[in-house]
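Numbering (this note's numbering), first residue to last: 672 to 788.
Below, the structure written as structure tokens:
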């Protein structure tokens, strides 16, 4: 599943038993200095990424849901696992991207749902 600028039309649904399911996020860069067609400013790249996951109540459950993560250029891959302890509910994935400008850009994805089937 590729979600460009987090404008996908569906939720990520994790079911009990799901382990290390990879999801890819492609973060686009504006095509020019005056364009508003990307998430990152023109000429900017992602240097590093920290991935965090929170429950709808704000509890950090990153170690429970994130099996691994990697970044290659502006493509971020996050492997998600069903949260056996936290269980069913909505979760928020936060990508803290350190940019080549030296600033940190926070990108939030609020459509992860875990269900026990």
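Cβ atoms here follow ideal geometry from the backbone N, Cα and C, with glycine treated the same way.
These figures come from a predicted structure and were not determined experimentally.
Hey, out of the options, whose CA is closest to residue i's CA?
i: residue 686; options: 757, 765 and 766; result: 757
i: residue 693; options: 740, 744 and 788; result: 740
Taking 7 Å as the threshold (C-beta atoms), are residue j and residue i in contact?
i: residue 766; j: residue 754; result: no
i: residue 716; j: residue 769; result: no
i: residue 711; j: residue 700; result: yes
i: residue 762; j: residue 684; result: no
Per DSSP, what kind of secondary structure is residue i in: helix, strand or coil?
i: residue 736; result: helix
i: residue 682; result: coil
i: residue 768; result: strand
i: residue 784; result: strand
i: residue 696; result: strand
i: residue 777; result: strand
According to DSSP, residue i sits in a beta bridge with which residue or residues?
i: residue 708; result: DSSP lists no partner for residue 708.
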